[in-house]
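This report refers to the structure that appears directly beneath it.
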Amino acid sequence: MSRGLFITFEGIDNSGKSVQVERFAGRLKESQVVVLRDPGATAISEKIRHILLDNDNYEMSAWTELLLYEAARAQMVEQLIKPALAKQSIVVCDRFYDSTTTYQGYGRGLNLKLVKQANKIGACGLTPDLTFIIDVEPEIALQRSRKNKTKADRLESEGIQFQNRVRQGYLKIADEEKERIVVVNGHLSVEEIHKNIWDIFLQRIGNPF
(Lines of atoms letter the chains of each structure in order from A and count residues from 1; the text may use other names and numbers.)
(Lines give C-alpha, C1' and ligand atoms only; values in the text may rest on other atoms or scores of the structure.)
Protein backbone atom coordinates (compact mmCIF):
# COMPACT_ATOMS: atom_id res chain seq x y z
CA MET A 1 0.00 0.00 0.00
CA SER A 2 1.18 3.54 -0.75
CA ARG A 3 -0.54 4.60 2.47
CA GLY A 4 -2.50 3.07 5.33
CA LEU A 5 -6.25 2.45 5.51
CA PHE A 6 -8.84 4.93 6.68
CA ILE A 7 -12.03 3.32 8.06
CA THR A 8 -14.94 5.36 9.44
CA PHE A 9 -18.05 4.47 11.41
CA GLU A 10 -21.29 6.45 11.19
CA GLY A 11 -24.84 6.41 12.51
CA ILE A 12 -27.43 8.42 14.37
CA ASP A 13 -26.97 9.11 18.07
CA ASN A 14 -27.14 5.96 20.22
CA SER A 15 -26.86 3.71 17.16
CA GLY A 16 -24.12 1.68 18.84
CA LYS A 17 -21.37 2.75 16.44
CA SER A 18 -18.88 3.66 19.18
CA VAL A 19 -19.12 0.13 20.59
CA GLN A 20 -18.46 -1.23 17.11
CA VAL A 21 -15.46 1.05 16.69
CA GLU A 22 -14.01 -0.43 19.87
CA ARG A 23 -14.77 -4.03 18.81
CA PHE A 24 -13.37 -3.50 15.31
CA ALA A 25 -10.17 -1.82 16.48
CA GLY A 26 -9.73 -4.61 19.01
CA ARG A 27 -9.39 -7.11 16.17
CA LEU A 28 -6.44 -5.22 14.73
CA LYS A 29 -2.86 -5.22 15.93
CA GLU A 30 -2.28 -2.41 18.43
CA SER A 31 0.92 -1.43 16.65
CA GLN A 32 -0.89 -0.63 13.42
CA VAL A 33 -4.23 0.89 14.47
CA VAL A 34 -5.04 4.47 15.44
CA VAL A 35 -8.50 5.07 16.94
CA LEU A 36 -9.97 8.58 16.81
CA ARG A 37 -13.26 10.41 17.22
CA ASP A 38 -14.65 13.31 15.22
CA PRO A 39 -14.86 15.96 16.52
CA GLY A 40 -12.01 15.46 18.94
CA ALA A 41 -8.77 13.50 19.24
CA THR A 42 -6.45 16.54 19.41
CA ALA A 43 -6.30 19.13 22.19
CA ILE A 44 -7.66 21.85 19.90
CA SER A 45 -10.38 19.62 18.41
CA GLU A 46 -11.53 18.48 21.85
CA LYS A 47 -12.01 22.11 22.93
CA ILE A 48 -14.12 22.71 19.82
CA ARG A 49 -16.09 19.53 20.57
CA HIS A 50 -16.97 20.87 24.01
CA ILE A 51 -18.30 24.08 22.46
CA LEU A 52 -20.33 22.15 19.89
CA LEU A 53 -22.01 19.76 22.31
CA ASP A 54 -22.52 22.09 25.27
CA ASN A 55 -26.26 22.52 25.89
CA ASP A 56 -25.64 26.09 27.04
CA ASN A 57 -24.76 27.03 23.47
CA TYR A 58 -28.37 26.84 22.27
CA GLU A 59 -28.00 30.11 20.32
CA MET A 60 -25.39 28.62 17.98
CA SER A 61 -26.39 29.04 14.33
CA ALA A 62 -26.33 26.06 11.97
CA TRP A 63 -23.60 27.71 9.89
CA THR A 64 -21.41 28.31 12.94
CA GLU A 65 -21.95 24.66 13.86
CA LEU A 66 -20.88 23.54 10.39
CA LEU A 67 -17.69 25.60 10.40
CA LEU A 68 -16.70 24.51 13.90
CA TYR A 69 -17.03 20.85 12.89
CA GLU A 70 -14.86 21.49 9.84
CA ALA A 71 -12.24 23.33 11.91
CA ALA A 72 -12.00 20.49 14.43
CA ARG A 73 -11.79 17.96 11.61
CA ALA A 74 -9.05 19.81 9.73
CA GLN A 75 -6.91 19.90 12.87
CA MET A 76 -7.36 16.16 13.42
CA VAL A 77 -6.60 15.31 9.78
CA GLU A 78 -3.43 17.39 9.62
CA GLN A 79 -2.14 16.54 13.09
CA LEU A 80 -3.06 12.86 13.36
CA ILE A 81 -4.69 11.15 10.38
CA LYS A 82 -2.34 12.07 7.56
CA PRO A 83 0.81 11.26 9.58
CA ALA A 84 -0.68 7.91 10.63
CA LEU A 85 -1.63 7.00 7.07
CA ALA A 86 1.85 7.95 5.88
CA LYS A 87 3.19 5.33 8.32
CA GLN A 88 0.75 2.80 6.77
CA SER A 89 -1.32 2.55 9.93
CA ILE A 90 -5.03 1.69 9.92
CA VAL A 91 -6.97 4.73 11.12
CA VAL A 92 -10.40 3.95 12.60
CA CYS A 93 -12.53 7.03 13.19
CA ASP A 94 -15.82 7.39 15.07
CA ARG A 95 -17.58 9.79 12.64
CA PHE A 96 -16.10 11.88 9.84
CA TYR A 97 -17.55 14.21 7.20
CA ASP A 98 -20.57 11.99 6.45
CA SER A 99 -21.87 13.07 9.86
CA THR A 100 -21.67 16.69 8.75
CA THR A 101 -23.50 15.94 5.51
CA THR A 102 -26.31 14.23 7.40
CA TYR A 103 -26.56 16.33 10.57
CA GLN A 104 -25.93 19.81 9.17
CA GLY A 105 -27.12 19.11 5.62
CA TYR A 106 -30.13 16.82 5.96
CA GLY A 107 -30.78 17.45 9.66
CA ARG A 108 -30.36 21.24 9.80
CA GLY A 109 -31.40 21.80 6.20
CA LEU A 110 -28.27 23.66 5.11
CA ASN A 111 -27.48 23.81 1.40
CA LEU A 112 -26.02 20.38 0.61
CA LYS A 113 -23.72 21.68 -2.10
CA LEU A 114 -22.15 24.16 0.32
CA VAL A 115 -21.93 21.54 3.08
CA LYS A 116 -20.08 19.16 0.77
CA GLN A 117 -17.71 21.94 -0.29
CA ALA A 118 -17.03 22.68 3.38
CA ASN A 119 -16.41 18.97 3.96
CA LYS A 120 -13.67 18.96 1.35
CA ILE A 121 -11.96 21.78 3.20
CA GLY A 122 -12.43 20.24 6.64
CA ALA A 123 -11.22 16.83 5.49
CA CYS A 124 -8.24 18.45 3.72
CA GLY A 125 -9.17 16.43 0.63
CA LEU A 126 -9.14 13.09 2.49
CA THR A 127 -11.78 10.42 1.74
CA PRO A 128 -12.33 7.27 3.84
CA ASP A 129 -11.49 3.96 2.16
CA LEU A 130 -14.49 2.26 3.77
CA THR A 131 -17.40 3.58 5.84
CA PHE A 132 -19.83 1.57 7.95
CA ILE A 133 -23.21 3.09 8.77
CA ILE A 134 -24.87 1.41 11.75
CA ASP A 135 -28.53 1.83 10.81
CA VAL A 136 -31.03 2.03 13.68
CA GLU A 137 -34.54 3.45 13.88
CA PRO A 138 -34.51 6.65 15.97
CA GLU A 139 -37.20 5.30 18.30
CA ILE A 140 -34.98 2.34 19.17
CA ALA A 141 -31.98 4.62 19.66
CA LEU A 142 -34.03 6.79 22.02
CA GLN A 143 -35.05 3.73 24.03
CA ARG A 144 -31.39 2.78 24.38
CA SER A 145 -30.52 6.27 25.58
CA ARG A 146 -33.23 6.19 28.22
CA LYS A 147 -32.19 2.72 29.33
CA ASN A 148 -28.57 3.80 29.70
CA LYS A 149 -29.70 7.02 31.44
CA THR A 150 -27.20 9.08 29.46
CA LYS A 151 -27.56 12.85 29.46
CA ALA A 152 -28.32 14.15 25.98
CA ASP A 153 -25.87 16.67 24.52
CA ARG A 154 -26.91 19.61 22.33
CA LEU A 155 -27.26 17.53 19.15
CA GLU A 156 -28.86 14.54 20.83
CA SER A 157 -31.49 16.85 22.31
CA GLU A 158 -32.88 17.77 18.88
CA GLY A 159 -35.54 15.05 19.01
CA ILE A 160 -36.96 12.21 16.93
CA GLN A 161 -37.84 14.22 13.81
CA PHE A 162 -34.29 15.55 13.59
CA GLN A 163 -32.83 12.07 14.03
CA ASN A 164 -35.21 10.76 11.35
CA ARG A 165 -33.91 13.35 8.89
CA VAL A 166 -30.35 12.39 9.80
CA ARG A 167 -31.09 8.70 9.31
CA GLN A 168 -32.66 9.30 5.91
CA GLY A 169 -29.62 11.37 5.01
CA TYR A 170 -27.35 8.46 5.85
CA LEU A 171 -29.39 6.09 3.70
CA LYS A 172 -29.29 8.63 0.86
CA ILE A 173 -25.52 9.01 0.85
CA ALA A 174 -25.08 5.25 1.20
CA ASP A 175 -27.11 4.81 -1.97
CA GLU A 176 -24.99 7.42 -3.72
CA GLU A 177 -21.62 5.93 -2.70
CA LYS A 178 -22.08 2.17 -2.68
CA GLU A 179 -18.40 1.53 -3.40
CA ARG A 180 -17.34 3.23 -0.16
CA ILE A 181 -20.32 3.02 2.21
CA VAL A 182 -21.90 -0.10 3.69
CA VAL A 183 -25.13 -0.01 5.71
CA VAL A 184 -25.18 -2.47 8.60
CA ASN A 185 -28.32 -3.56 10.45
CA GLY A 186 -27.94 -2.00 13.90
CA HIS A 187 -30.89 -3.84 15.42
CA LEU A 188 -28.92 -7.08 15.77
CA SER A 189 -26.86 -8.05 18.81
CA VAL A 190 -23.50 -6.37 19.38
CA GLU A 191 -21.66 -9.56 18.42
CA GLU A 192 -23.74 -10.12 15.27
CA ILE A 193 -23.13 -6.56 14.13
CA HIS A 194 -19.40 -6.89 14.78
CA LYS A 195 -19.23 -10.16 12.84
CA ASN A 196 -21.02 -8.59 9.86
CA ILE A 197 -18.67 -5.61 9.90
CA TRP A 198 -15.56 -7.76 10.12
CA ASP A 199 -16.74 -10.05 7.30
CA ILE A 200 -17.45 -7.05 5.08
CA PHE A 201 -14.07 -5.56 5.92
CA LEU A 202 -12.30 -8.77 4.87
CA GLN A 203 -14.34 -8.93 1.66
CA ARG A 204 -13.71 -5.33 0.71
CA ILE A 205 -10.16 -4.77 1.96
CA GLY A 206 -8.71 -8.21 2.65
CA ASN A 207 -6.81 -9.57 5.64
CA PRO A 208 -4.70 -6.72 7.10
CA PHE A 209 -2.27 -9.11 8.85
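Mapping to our numbering: the sequence shown position 41 is 190, numbers consecutive. Every residue gets a Cβ at the ideal spot worked out from N, C-alpha and C, and that includes glycine. Owing to the predicted nature of the structure, the values given are computational and were not obtained by experimental measurement.
Reducing DSSP to helix, strand and coil, say where residue i ends up.
{"i": "residue 185", "result": "strand"}
{"i": "residue 168", "result": "helix"}
{"i": "residue 368", "result": "For residue 368 there is no data in the structure shown, the boundaries of the chain being 150 and 358."}
{"i": "residue 360", "result": "For residue 360 there is no data in the structure shown, the boundaries of the chain being 150 and 358."}
{"i": "residue 283", "result": "strand"}
{"i": "residue 277", "result": "coil"}
{"i": "residue 318", "result": "helix"}
{"i": "residue 249", "result": "helix"}
{"i": "residue 161", "result": "coil"}
{"i": "residue 225", "result": "helix"}
{"i": "residue 176", "result": "coil"}
Are the CB atoms of residue j and residue i within a distance shorter than 8 Å?
{"i": "residue 250", "j": "residue 322", "result": "yes"}
{"i": "residue 282", "j": "residue 330", "result": "yes"}
{"i": "residue 191", "j": "residue 216", "result": "no"}
{"i": "residue 238", "j": "residue 183", "result": "yes"}
{"i": "residue 354", "j": "residue 279", "result": "yes"}
{"i": "residue 255", "j": "residue 318", "result": "yes"}
Per DSSP, what are the beta-bridge partners of residue i in this structure?
{"i": "residue 155", "result": "240"}
{"i": "residue 334", "result": "284"}
Item checked: Any 3 or more C-beta pairs closer than 8 Å across the stretch 236-249 and the stretch 193-208 -> The stretch 236-249, when compared against the stretch 193-208, does not touch it at the 8 Å Cβ threshold.
Check whether the stretch 162-180 touches the stretch 220-237, taking contact to mean three or more Cβ pairs, one atom from each stretch, closer than 8 Å. With the cut-off at 8 Å, the stretch 162-180 and the stretch 220-237 do not touch.
Does the stretch 202-215 come close enough to the stretch 302-313 that 3 or more CB-CB pairs lie under 8 Å?
Segments in contact, yes.
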